[in-house]
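Below is one structure, written out as structure tokens; the observations come after it.
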Amino acid sequence: MENQKSKIKNQQSLIKFVGIIGSGTMGAGIAQVAATAGCSVKLYDTKTEALDKAKADLEKIMARLIEKGKIDSTEKERIQNNIKYVSSLKELKDSDLTIEAIVENLDIKKNVFSTLEKFVSDDCIIASNTSSLSIASIASSLQKPERCIGIHFFNPAPLMKLVEVIPAIQTSEETLNISVKTIKDWGKTVAVAKDTPGFIVNRVARPFYGEALRIYEEGIATFAEIDSAMKEIGGFRMGPFELMDFIGNDVNYTVTETVFEAFYCDPRYKPSFTQKRFSEAGYLGRKSGKGYYNYSENGEMSVRAQSRTNGGEKVSDKAIFERILVMLINEAADALFWNIASAEDIDNAMTKGVNYPKGLLAWANEKGIDWCVEKMDELYDEYHEDRYRCSPLLRKMNLENKNFF
Ligand code: NAI
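To convert, note that position 23 of the sequence shown is 23 in full-length UniProt numbering; the numbers rise steadily by one, no gaps.
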């Protein structure tokens, strides 16, 4: 019977009933995505206030979409009727797929997963939206770990195109295939990533923040000068400091620290004292009105009076941009070297998950692989730090005169 049910599901690859655990920022957004795609969604949270807030927020989002002419009132009702707000985990028993988006704590997640498994059917896929925990460790809490997978959305889930899908070593082929198909059916771009710290985006993006902070700490440019170089020359929508203020310095610092520790303190991912101090001071960014910039009540950003800490000449915009870019390219190439994901998925992840103007590997082709190797070697020669080691893949490709793709 179970086999038959699973075959039917496979043929149609249809996930109809979706359970979402945690109705915070991410859970509510994922519920909206699944409901819009036509799934029948149950959104569960332990706090009724969180459920009420999710419901009220969706009402506001729907009203805005109507105002913009993106949906009509029939569509609004269809989406809203597709979501039921529930306060008992047991209510998720009919789910074909559950996605957990609760607090980022391994023990709490494991506990919820093992309880949930008692209620759902044998072929229900149990996924986690975790950003930083290992899927293998979460899966180990289940009797049937082969049904567990990472399905990592980006914030805000309804707007961001990218979803990273992360099979653990326990995950079955069937779980992976159904998950990928479902997320694509929901209109998203899937990048399949290895179960390693930061998956794709939170690993490859680290130098965008880390190298910018380092350039600032060396005293050769201010926050605003670095941001301006990345926007004007690189075409990034936001500069690193603007983006860290937007994400929140506390959140961004924690991700950096987690990735650094998870990589056994690889100096490439070393967190910065500047960001730590900003977090400690409560200069969290937009949400606290003060970060690398100041923010007025209505959210307007202004540059804080700041001079270069070395008191000297600013390094050129081009030099700032190229240093950060080559570190990003090196990180992307290294992710490919370690088989974290395919070249296509690595480039898609950065353009669709964090809105980079170009895929980093495509950018490497454009600049020339020889240029990338030279730039990395220049940095290494200057600092003699392991942080600036060139990826073996870039070096090999340069020797063989090859390009990505
Ligand atoms: P949040 O704090 O906005 O929401 C978490 C919700 O889970 C709260 O409503 C809370 O009441 C509920 N909750 C806590 N423990 C629970 C339990 N045992 N059972 C049921 N509900 C419980 O958190 P957010 O930002 O939505 O993050 C959720 C997950 O998504 C985390 O694992 C996070 O790492 C991940 N994530 C967050 C992103 C972000 O930008 N905020 C992006 C991608 C992933």
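The beta-carbon is built from N, C-alpha and C at its ideal position, and this holds for glycine as well.
- Sequence-distant partners of S302 (beyond 5 residues in either direction) whose C-beta falls short of 6 Å from its own C-beta, in its chain, are N294.
- If you draw a straight line from the Cα of Q32 to the Cα of I102, it is about 16 Å long.
- Under DSSP, Y85 takes part in a beta bridge, and its partners are L43.
- The DSSP-derived three-state label of F405 is coil.
- DSSP, read as helix, strand or coil, puts S272 in coil.
- Here the distance from the Cβ of G22 to the nearest heavy atom of the ligand NAI is below 7 Å.
- Here DSSP, grouped into helix, strand and coil, assigns C372 to helix.
- Contact between I125 and I30 is absent: CB atoms are separated by about 14 Å, not below the 8 Å threshold.
- By alpha-carbon distance to D122, the top candidate from N129, A35 and C148 is C148.
- Around D250, the same chain offers S279 and L284 as residues with beta carbons nearer than 7 Å, after the five sequence neighbours per side are excluded.
- For S121, the three-state secondary structure derived from DSSP is coil.
- Per DSSP, reduced to three states, the secondary structure at F337 is helical.
- Secondary structure of S134 (DSSP, three-state): coil.
- Residue ranges of uninterrupted alpha helix (DSSP H) with 4 or more members, entirely inside the segment 234–274 and ordered along the chain, are 240–247 and 249–262.
- When DSSP states are grouped into helix, strand and coil, V180 belongs to the helix group.
- Contact annotation, A349 with A191: C-beta distance approximately 4 Å; criterion of less than 8 Å satisfied.
- Less than 8 Å divides the Cβ of I66 from the Cβ of K76.
- The three-state secondary structure of F321, taken from DSSP, is helix.
- Annotation for E104 indicates a beta carbon within 7 Å of some heavy atom of the ligand NAI.
- Judged by DSSP in its simplified three-state form, E100 adopts strand.
- In chain order, F208, Y209 and A212 place their CB closer than 6 Å to the CB of P240, counting only its own chain and leaving out the 5 sequence neighbours on each side.
- A check of alpha carbon separations from N81 across E117, A37 and F119 identifies A37 as the nearest.
- Where F153 is concerned, the enclosing beta strand (DSSP E) starts and stops at C148 to F153.
- Under the three-state reduction of DSSP output, L399 falls in the helix class.
- Minimum Cα-Cα distance from T182 among the listed residues N155, V165 and I15 corresponds to I15.
- Separation of E59 and R203 (C-alpha to C-alpha, rounded to the nearest whole angstrom) is 35 Å.
- Q275 is classed as buried because its beta carbon has at least 16 other beta carbons within 10 Å across all chains shown.
- For N348, the uninterrupted alpha helix (DSSP H) segment begins and ends at A343 to G353.
- In summary, G234 is buried, with 16 or more beta-carbon neighbours lying within 10 Å of its beta-carbon over all protein chains present.
- In this structure, the CA atom of A205 is about 7 Å from the CA atom of L328.
- A check of alpha carbon separations from L393 across Y383, L133 and A343 identifies A343 as the nearest.
- If you check the C-beta of S131 against the ligand NAI, you find a heavy atom less than 7 Å away.
- When the beta-carbon positions are compared, K84 and K47 stay at least 8 Å from each other.
- Between C372 and N330, the CB-CB gap stays under 8 Å.
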